[in-house]
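Engineer: The structure under discussion is supplied below as structure tokens; questions concerning it will follow.
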Amino acid sequence: MIQIEKLRKVYRARGRAVAAVDGVDLEVREGEIFGVLGRSGAGKSTLLRCVNLLERPDTGRVVVDGQDLLSLSGGELRRARQGIGMIHQHFGLLGSRTVAGNVAFPLEVMGVPRAERAQRVAELLELVGLSEHAKAYPAQISGGQKQRVGIARALAGRPKVLLSDEATSALDPETTASILELLRDLNRRLGLTVLLITHEMDVVKRICDSAAIMRDGRVVESGKVRDLLLRPGSELARGLFPLPEATVRPGTTVVDVTFEGDSADRPFVSTLARTYSIDVNILGGAVEEIGDARIGRLRIELPGDPQINAAQLAHLREAGLTVEVHGEAAHDGEAAVQDETAADGGTAVDGGTAVRGEDPLATEEALS
Ligand SMILES: Nc1ncnc2c1ncn2[C@@H]1O[C@H](COP(=O)(O)OP(=O)(O)OP(=O)(O)O)[C@@H](O)[C@H]1O
Ligand SMILES: [Mg+2]
Numbered sequence: 001m002i003q004i005e006k007l008r009k010v011y012r013a014r015g016r017a018v019a020a021v022d023g024v025d026l027e028v029r030e031g032e033i034f035g036v037l038g039r040s041g042a043g044k045s046t047l048l049r050c051v052n053l054l055e056r057p058d059t060g061r062v063v064v065d066g067q068d069l070l071s072l073s074g075g076e077l078r079r080a081r082q083g084i085g086m087i088h089q090h091f092g093l094l095g096s097r098t099v100a101g102n103v104a105f106p107l108e109v110m111g112v113p114r115a116e117r118a119q120r121v122a123e124l125l126e127l128v129g130l131s132e133h134a135k136a137y138p139a140q141i142s143g144g145q146k147q148r149v150g151i152a153r154a155l156a157g158r159p160k161v162l163l164s165d166e167a168t169s170a171l172d173p174e175t176t177a178s179i180l181e182l183l184r185d186l187n188r189r190l191g192l193t194v195l196l197i198t199h200e201m202d203v204v205k206r207i208c209d210s211a212a213i214m215r216d217g218r219v220v221e222s223g224k225v226r227d228l229l230l231r232p233g234s235e236l237a238r239g240l241f242p243l244p245e246a247t248v249r250p251g252t253t254v255v256d257v258t259f260e261g262d263s264a265d266r267p268f269v270s271t272l273a274r275t276y277s278i279d280v281n282i283l284g285g286a287v288e289e290i291g292d293a294r295i296g297r298l299r300i301e302l303p304g305d306p307q308i309n310a311a312q313l314a315h316l317r318e319a320g321l322t323v324e325v326h327g328e329a330a331h332d333g334e335a336a337v338q339d340e341t342a343a344d345g346g347t348a349v350d351g352g353t354a355v356r357g358e359d360p361l362a363t364e365e366a367l368s
């Protein structure tokens, strides 16, 4: 539904050039919810704004619903944009208009006749659960309700694509959950494709089918959430399963094991212990519901250094588990996860996903 190819956007300010988006390739499939994560300044908003050409890229291609946006004339582009709705962190409502008036606004701009407009506004408010608040003003409703107005307004032109830039960042966790549920519901009921930016791992966990991580204008990791989590060295996996830095005691092997669904029911730890007559320490771990899947990550410690444990590690891999061994050469308790990413020729992974000692995503970072 959205194809982004070799996209590049450079800002020039005070003689300095910043490549906000620096060669991004990304594909968002029809009907999926795709999340883009990354630190502040990574280029997420710029990327999103290039998808509806609020920002014109310097080079590259943006194809939405089969239309190469950069090749369109003014009028064609305006029509194409009606198929791309957008919601924002701070809602951007008109304070002088009622809820219904805010939703009617884009319809007026589109030249929809009055009677049809009223009908459509009613439909849209129903869709986002705001029918009872049609006559309220933005100052009289909660943040979550304001975002519902934002969503209704974005859907006015019956878009196939919805872009969302930190739409839940200003909301409390409970309200966030209800907005995410609404987005998931709209995605399913209307077949809406959603491209969203977030810094909250929870958003990815709850509703994203696919995700990408951006750093310095580039995509360093992207793919289906489930596939990413099961890929060794995945930053997303480390973000979703925050384990403390591994302290590898001399003469031990510390391994992060990621497993899906039924492997959770397979007692691989006790099998390993029994097969090799070793003590296996469990150092930490968690199981998460990711979409329809259950994915878990367990950090275990085996006696002996990794060379001695070659057979044990092979045993785990053969059981279909994702295995990441913390570096033998780690000093001062610093975890050096070996990047064992198989060259599967899949999604682009640029320049090593296993960055030493660096917090993969600044999830605690202040909102922009
Ligand atoms: N209009 C602009 N003029 C100059 N530089 C800009 C402009 N917009 C963004 N930048 C720069 O481009 C880079 C990427 O910015 P962008 O807003 O896309 O990041 P972001 O990932 O959305 O960050 P945040 O999480 O803080 O919203 C930053 O270095 C930023 O300073
Ligand atoms: Mg931003």
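When the letters of the sequence shown are read in order and numbered with UniProt numbering, they come out as residues 1 to 368.
Where a beta carbon is used, it is the ideal one built from N, C-alpha and C, also for glycine.
(1) Please state whether DSSP places R257 in a helix, a strand or coil.
(2) Since L195 is in the beta strand (DSSP E), which residue starts that stretch and which ends it?
(3) Report the residue from R153, D305 and L47 whose alpha carbon sits nearest the alpha carbon of P57.
(4) For I2 and D25, what's the separation of their Cα atoms in angstroms?
(5) Please decide whether L192 counts as near chain C, where near means a Cβ-Cβ distance under 8 Å.
(6) Can you name, in chain order, every residue of its own chain whose Cβ lies under 7 Å from the Cβ of E5, other than the five neighbours on each side?
(7) Quick one, which of L72, A139 and A152 has its alpha-carbon nearest V107's?
(8) Who are the Cβ neighbours of G345 in its own chain at under 8 Å, not counting the five residues just before and after it?
(9) At a cut-off of 7 Å, would you count V18 as near ligand 1, judging by its Cβ distance to the nearest heavy atom?
(10) Counting along the chain, where does the beta strand (DSSP E) carrying residue 419 start and finish?
(11) Under the assumption that R148 contacts L182 (Cβ atoms under 8 Å), give the Cβ distance between them as a whole number of angstroms.
(12) Just how far apart, CA to CA, sit A329 and E32?
(13) Going by DSSP, what residues sit across from Y11 in a beta bridge?
(14) With a cut-off of 8 Å, do at least 3 Cβ pairs link the segment 9–20 to the segment 164–182?
(15) If you draw a straight line from the C-alpha of G83 to the C-alpha of R317, how long is it?
(16) I'd like to confirm something about G43: is its beta-carbon nearer than 7 Å to some heavy atom of ligand 1, or not?
(17) Where do the ends of the alpha helix (DSSP H) carrying G239 lie?
(18) Between the alpha carbons of Q119 and G157, how many angstroms are there, rounded?
(19) What's the gap between the Cα of T347 and the Cα of D22?
(20) How would you write the range of the beta strand (DSSP E) that N52 sits in, first residue to last?
(21) What residue does the beta strand (DSSP E) around I213 start on, and which one ends it?
(22) Beta-carbon separation of L240 and K205 under 8 Å?
(23) Are the beta-carbon atoms belonging to L230 and E260 less than 8 Å from one another?
(24) Excluding the 5 residues flanking L298 on each side, which residues of the same chain have their C-beta closer than 6 Å to its C-beta?
(25) Around the C-beta of I282, are 16 or more other C-beta atoms found within 10 angstroms, so that it is buried, or is it exposed?
(26) Mind checking which residues open and close the beta strand (DSSP E) that includes T175?
(27) Under the rule that 16 or more other beta-carbon atoms within 10 Å means buried, what is S71, buried or exposed?
Structural biologist: A quick look at the data gives this:
(1) Here residue 257 is taken as the residue at index 257 of the sequence shown, counted from 1. The sequence given here has Val at residue 257, not Arg. Reduced to three states, the DSSP call for V257 is strand.
(2) Numbered from 1 along the sequence shown, position 195 holds the residue referred to as residue 195. Element bounds for L195: T193 to I197.
(3) In the sequence shown, counting from the first residue as 1, residue 57 sits at position 57. That would be L47, whose Cα lies nearest to the Cα of P57.
(4) Start at 1 with the first residue of the sequence shown, and residue 2 comes out as number 2. Start at 1 with the first residue of the sequence shown, and residue 25 comes out as number 25. Distance from the CA of I2 to the CA of D25, rounded to the nearest whole angstrom, comes to 11 Å.
(5) The chain labelled as chain C is not found in the depicted structure, where only one protein chain is given.
(6) On the sequence shown, residue 5 is found 5 positions in, with the first residue counted as 1. Taking C-beta separations shorter than 7 Å and ignoring five residues to either side along the sequence, the partners of E5 in its chain run D25, G60 and R61, following chain order.
(7) For the purposes of this step, residue 107 is taken as residue 107 along the sequence shown, with counting starting at 1. As written in the sequence, residue 107 is Leu, which differs from the Val given in the question. Per the Cα distances, A152.
(8) Counted from its first residue, the sequence shown places residue 345 at position 345. Note that G345 scores 35 on pLDDT, short of 50, meaning its location in the model is unreliable and no value can be drawn from it.
(9) Residue numbering aside, residue 18 sits at position 18 when the sequence shown is read from its first letter. Under cutoff, so the answer is yes.
(10) As displayed, the chain neither begins before 1 nor continues past 368, which places residue 419 out of reach and without an answer.
(11) Start at 1 with the first residue of the sequence shown, and residue 148 comes out as number 148. Start at 1 with the first residue of the sequence shown, and residue 182 comes out as number 182. Between L182 and R148 the Cβ distance is about 7 Å, and since that is below 8 Å, they are a contact.
(12) For the purposes of this step, residue 329 is taken as the residue at position 329 of the sequence shown. For the purposes of this step, residue 32 is taken as the residue at position 32 of the sequence shown. Confidence at A329 is low in this model, with a pLDDT of 46, below 50, so the placement of that residue is unreliable and no value is reported for it.
(13) Locating residue 11 in the sequence shown gives position 11, where the first residue counts as 1. Bridge partners of Y11: V18.
(14) no
(15) Counting from 1 along the sequence shown, the entry for residue 83 is found at position 83. Counting from 1 along the sequence shown, the entry for residue 317 is found at position 317. Answer to the nearest angstrom: the Cα atoms are 45 Å apart.
(16) Taking the first residue of the sequence shown as position 1, residue 43 is located at position 43. Flag set: Cβ of G43 near ligand 1.
(17) Looking up residue 239 in the sequence shown gives position 239. It spans E235 to L240 - the alpha helix (DSSP H) in which G239 sits, taken as one unbroken run.
(18) Counting from 1 along the sequence shown, the entry for residue 119 is found at position 119. Counting from 1 along the sequence shown, the entry for residue 157 is found at position 157. The straight-line gap from Cα to Cα measures roughly 13 Å.
(19) Taking the sequence shown and counting its residues from 1, one reaches residue 347 at position 347. Taking the sequence shown and counting its residues from 1, one reaches residue 22 at position 22. Low confidence applies here, because T347 scores a pLDDT of 36, under 50, leaving its location unreliable; read the following figure in that light. Near 17 Å, if we compare the C-alpha coordinates of D22 and T347.
(20) Here residue 52 is taken as the residue at index 52 of the sequence shown, counted from 1. In the DSSP assignment, N52 falls outside any beta strand (DSSP E) and carries neither an H nor an E.
(21) For this step, residue 213 is matched to residue 213 along the sequence shown. Taken as a continuous stretch (DSSP letters only), the beta strand (DSSP E) holding I213 covers S210 to R215.
(22) Within the sequence shown, residue 240 is the residue found at index 240, counting from 1. Within the sequence shown, residue 205 is the residue found at index 205, counting from 1. A contact, by the Cβ cut-off of 8 Å.
(23) As a working note, residue 230 is residue 230 in the sequence shown. As a working note, residue 260 is residue 260 in the sequence shown. Against a cut-off of 8 Å, the Cβ pair of E260 and L230 comes out as a contact.
(24) Counting from one through the sequence shown, the residue named residue 298 turns up at place 298. Contacts found: V257 and G285.
(25) As a position in the sequence shown, residue 282 is number 282, starting the count at 1. It counts as exposed.
(26) Translated into the one-based positions of the sequence shown, residue 175 becomes position 175. That residue, T175, is in no beta strand (DSSP E); its alpha helix (DSSP H) goes P173 to L190.
(27) For the purposes of this step, residue 71 is taken as the residue at position 71 of the sequence shown. Taking a 10 Å sphere around the C-beta of S71, we find fewer than 16 other C-beta atoms and assign the residue as exposed.
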